[in-house]
Every structure is written in structure tokens, then in C-alpha cells.
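Heads up: the sequence shown is residues -23 to -1, 1 to 379, going by mature numbering (1 follows the signal peptide of the UniProt record, and there is no 0). Beta carbons: idealized from backbone N, C-alpha and C, even for Gly. Predicted model, so just to flag it, every value in this text is computed and none were measured. Contents: one structure, followed by commentary.
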Amino acid sequence: MIRLCNAGKLLLLCCLLPAAATAQQLFELPAGTETQWISLENPTGAKGKGGMENKGAKGRAAEWVKPGERKVMMDYEGAGTINRIWMTIIERSPASLRSIYIEMYWDGAEKPAVAVPLGDFFGIGLGRRTPFQNALFSDPEGKSFNCVIPMPFKKHAKIVFVNESKHNQLLFFDVNLTKVKKHPDNIAYFHAYWNSSDNNQLGEDFEILPEVSGRGRFLGTNLSIVPDRIYGDTWFGEGEVKMYLDGDKEHPTLAGTGTEDYVGSAWNLGPFAQLYQGAPVVDKQKGQYAFYRYHIPDPVYFQSSCKVTIQEMGGGGRDKIRAIAKAGGKVKPISVMTQQGLVKLLEEPNYPDYTDDRFPADEWVNFYRVDHYSATAYFYLNKPQNNLPPLAPLAQRLKGIL
């Protein structure tokens, strides 16, 4: 929540979220704060320094960023909280939105807390843009990028736009922040991490968020899946999301029941977008799916570590699984739903193999498979740097896009 005390001190807790900002009375006038907008029309956000070019007319709304160029959008000294980021670019193909990435640095850290492909960062994976709105991101007409995640910093903030695409990009942006005199010592810094599966083995879970060390809050994820076409029309989304908290090893503390369940839906998933959960991209023809789930009403806190994974698992009938295996696809049945209940194949070594005709032909079989996964994980951490690997190189980021 956001709470403004009489002395005007802005108290930022690690549960700071825009959806909870309604708890703040809109008519309150906090002391010691100042609103600033950072854009090309006022790069520093300084008082009385906006729109100075072209004699006050529209003088510098946008700027070209060449391929291979890094554009510093914001380099700010002082304490504050970023409340909103808006931006757009001229060439928004899926390949460009994976090739361009955004970096964010807090309080002079050498390593970015955020290094995520542009399209994925702003709420939908696979570089797909479609009109949507949720509690954290929006794209009103499928051509802009809006983020309202609060991002506090104590002494310095830097945001960098990195163009690794093949195109000159005309960049428009503004970063809206509240300047404060000082933050409390226990604020949490915003982080985001992008990951993708790269030659995962059968039965190996995909890491939405590799283990991160520190105290914080897992805010949620947008998750994308490109099913391998060798699996035909079998369902890919039986994988359970698991969250390993504070030293969990073999088994997690938090475990879901399936992919479509995690994003709040159920069988025969279709496209939808809601405040905290959605599936904006359900493209069966192209074989692309993009979901999101944000833990705002159901916070996930951790005290020393957090890792979030999802099983690469699907479902289908016996004969379809046989056909997949015959065609060279990777399959490993793990359970079958019979009229008598769920048979746990990993615990029933004497149960007939799916190649055996005694294996039921008309029942639902859950099986390990290998598809292409990618995800952006959002979290708060009690330090401006994290221990996660750097952003994957361009060739890996473009897998599943081209």
C-alpha cells in the first residue's frame, strides 16, 4: 500500500503496488514531494526546464536510435519513485521487440536490476502486441507500452534503451516520478528477469525465475509457450507452477495445479485479459500462447531466496502419444485418468506401458514433453542488484519468434 504521513514522508513497503494506491486519499497534499516528468522535452525533469527547444513549440518529442546504439532515457540524481513509464517506437515487429531491450539501474549499481526485451517487459511475451489492460501494464491500441509498477530509489536511477534490432527506431517516451527528500532504509527495489528454455531435457522444469537471493516479493510473470509442432493438437498446459521459498530444495512450498489454472482459467483456454491474470495471446494457428499472472491480491513474500518453475508437461490420448513418439517426439507419460481415478505411473512400475494395448486407449494421459518457453519474472528485492545471469544473447532471444 501507499501511506503518506503528516510529515510528508513517503513510506514505501515491498508490497507497494498501483492497485493499492486507491488507499491513499486523492485529496491529500503530501509535503516534501515534487512531481517530475523525464522525456526528451525535459531530460533531467528539472523545474522550469521543459519544452525549451524550438521557442517552446514542439521541439524534441522523439529521437532516432540507430541499430547497435544505446540511448540513456533517464539518468537521475536524488531520491524518488517512478510511478509510470510510457513509450512507443516506430517499428514494432515481434523480432524488433525481442531484439530491443530495456535496462534499469538503481542507486549506482553496476549491474542492471532489469534487463528484459522490450515487448516482453511491457506485459506480453513473444513480441506480440494486442490491446489489453491489467493492473501493471496496458497497450490501449496495440501500439504503445505503459507500465505503472512503482519503482523506488534512494539516490540514483538510470534507464537505458538498447537497440539490437536491424532498424532505426524513432523513440518517444516519458518517465513520470515523484521526487522525495529521503526514503526509509527498508524499501524494496524493483527487478525483472527474462529467461527462455534452451535445449531442456525431458522431465526438466523451466525456470521462470532462477533462484534469487535476498528478501523480497515475487510480483508475478508473463509466460509464453510455443508448442513443438510434433505434438500436434495435444494440450501443452498441464505443467504446474512451483515456488521454492527460503531454502526449499527438492520440493516447493507453493505448488499449482496446471498452466491454465495458474492464470485463473480452466479447460479449453481462450484469450482474455483481467486485472491480475490473463491470456492475451491464444493463437492456435501459429502455435503461440502468452499469459500473465500478477500476485497483487495474493502476495508471495520470501525472506532469503525464491525460485519459480513450471513443468513442461501436456496431455492427450494414448494413440496420439504413440504417434508422437513414432514421429520422433519426446514423451514420457506420468499419469493417466481412469474411471477409477488417477493412476500415478511414476509410482506404479507394474502398470502397462503406453505402447502396451492394455494401457487404456480412451483416457486422458499427462506426459512430459519439450516445448519452447520464455518468461519475464517481476519481483522486489531488498537490494539494488541481484545474483541472476545476464540477459541472453540475441540469437537465443529470437527463438520462438522467427
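Restricted to the region 155 to 217, the beta strand (DSSP E) segments that are unbroken, complete and at least 3 residues in length are 166 to 173, 183 to 190 and 193 to 203, listed in chain order.
Between Pro89 and the set Val139, Leu371 and Lys321, the nearest pair of CA atoms involves Val139. According to the DSSP assignment, Gly264 belongs to no alpha helix (DSSP H), since it is labelled neither H nor E.
Ranked by Cα distance from Leu246, the options Glu215, Tyr53 and Arg374 are led by Glu215.
Distances from the alpha-carbon of Thr198 to those of Asp151, Ser190 and Ile287 put Ile287 closest.
For Asn19, the secondary structure class from DSSP, reduced to helix, strand or coil, is strand.
Excluding its 5 nearest sequence neighbours in each direction, Gly180 has C-beta neighbours in its own chain below 7 angstroms: Lys309 and Tyr345, listed in chain order. Pairing Gly241 with Leu196, the inter-Cα distance amounts to about 16 angstroms.
If you draw a 10 Å sphere on the C-beta of Val49, you find fewer than 16 other C-beta atoms in it, and that means exposed.
Minimum Cα-Cα distance from Asn60 among the listed residues Ile301, Gln13, Pro361 and Met220 corresponds to Gln13. Rounded to the nearest whole angstrom, the CA to CA distance from Gly104 to Glu68 is 12 angstroms. Taking a 10 Å sphere around the C-beta of Met64, we find 16 or more other C-beta atoms and assign the residue as buried. Around the Cβ of Glu184, a 10 Å sphere holds 16 or more other Cβ atoms; the residue is buried.
The DSSP-derived three-state label of Pro71 is helix. Membership of Ile311 in the beta strand (DSSP E) is indicated by the continuous run Lys309 to Thr315. Nearest neighbour of Ala39 by Cα position, chosen from Ala23, Ile15 and Glu54, turns out to be Ile15.
By alpha-carbon distance to Gly209, the top candidate from Glu30, Asn31 and Val347 is Val347. Here the alpha carbon of Trp212 sits roughly 6 angstroms from the alpha carbon of Gly293. DSSP places Ala372 inside the alpha helix (DSSP H), whose first and last residues are Leu371 to Arg374.
Sequence-distant partners of Gly57 (beyond 5 residues in either direction) whose C-beta falls short of 8 angstroms from its own C-beta, in its chain, are Gln13, Pro129, Phe130, Ala134, Leu154, Thr155, Lys156 and Val157.
Annotation: the continuous beta strand (DSSP E) that includes Ile136 extends over His133 to Val139.
For the options Tyr278, Ile301, Gly291 and Pro326, the alpha carbon positioned closest to that of Thr234 is the one of Gly291.
Residue environment analysis places Gly255 among the buried positions, since at least 16 neighbouring C-beta atoms fall within 10 angstroms of its C-beta. Annotated as distal: Leu365 and Tyr82, with beta-carbon spacing of 7 angstroms or more. With contacts defined by Cβ atoms closer than 7 angstroms, Asn123 and Leu252 do not form a contacting pair.
Counting C-beta atoms within 10 angstroms of its own C-beta, Pro94 has 16 or more neighbours from the protein chains shown and is therefore classed as buried. Look at Leu95 here: in three-state DSSP terms it is helix. By the 16-neighbour rule on beta-carbons within 10 angstroms, Thr21 is exposed.
Straight through space, the alpha carbons of Pro361 and Gln280 are spaced by roughly 16 angstroms.
In the DSSP assignment, Arg61 is bridged to Asn153. Apart from the 5 residues on each side of it in sequence, Leu231 sits with its Cβ closer than 6 angstroms to the Cβ of Met220 in its chain, given in chain order.
Taking all protein chains in view, the Cβ of Glu227 is surrounded by fewer than 16 other Cβ atoms within 10 Å, so the residue is classified as exposed. Spanning the alpha carbons of Gly264 and Ala8 requires a straight line of approximately 53 angstroms.
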